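The block underneath contains the structure these notes are about, expressed in structure tokens.
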Amino acid sequence: ETCLSRKDYYGNACVWLPDDTNDFTWASGSPCQMDPTLPPPVQLVYSRAPSNSENEGTSYAVYATVGERGIITNITFEYDGASSTINAVDCIDSDGSTDGWTNPDAILPYLNV
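Take 1 as the starting number for the sequence shown in full-length UniProt numbering and just add one per residue.
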């Protein structure tokens, strides 16, 4: 009963894999899978408004795309009218360089590489 009432990040009933909700042996790990037909949820992690009362200074925001079991699959930084995104695989494969980022030249001043 409890398992059958689980909701995903959007408040929708969970998609059970395999489709037999009476068979609680799940082939793909977690019993409650996000609906693959919907985009993954994006969570605002942090944001900062311009730094003074005249609206001067750099505002920025950090967003995390949340995948299955709460695993962060992408991070997006929005800053000064630009944005850059990196996914988890490219982050690991780039070994800390800016090569894995979209728009790497724009994000370089904001990274401590």
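In this text, a Cβ means the ideal position worked out from N, Cα and C, and glycines have one as well. Every value quoted in this text rests on a predicted model; they were computed, and no experiment measured them.
Inter-residue Cα distance where the pair is residue i and residue j
| i | j | result |
| --- | --- | --- |
| A49 | F77 | 14 Å |
| D95 | N12 | 37 Å |
| L44 | C91 | 20 Å |
| E68 | V62 | 20 Å |
| R6 | G81 | 39 Å |
| T102 | N87 | 10 Å |
| D35 | E54 | 44 Å |
| P104 | Y79 | 13 Å |
| V66 | P40 | 6 Å |
| S47 | T58 | 11 Å |
| G70 | D93 | 21 Å |
Residue environment, residue i, which counts as buried when at least 16 other CB atoms sit within 10 Å
| i | result |
| --- | --- |
| S84 | buried |
| N74 | buried |
| I107 | buried |
| W26 | For W26, the predicted structure reports a pLDDT of 49, less than 50, and the residue's modelled location is therefore unreliable. A value from the coordinates is still provided. It counts as exposed. |
| G100 | buried |
Which of helix, strand or coil DSSP assigns to residue i
| i | result |
| --- | --- |
| P104 | helix |
| A49 | coil |
| E56 | coil |
| Q43 | strand |
| S79 | In the sequence under discussion, the amino acid at residue 79 is Tyr, which differs from the Ser named in the question. Of the three classes helix, strand and coil, the one that applies to Y79 here is strand, per DSSP. |
| T85 | strand |
| T98 | helix |
| I72 | strand |
| Y110 | helix |
Nearest candidate by alpha-carbon position, reference residue i, set the options
| i | options | result |
| --- | --- | --- |
| L38 | E56, Y79, Y10, A64 | Y10 |
| V42 | A64, M34, T58 | A64 |
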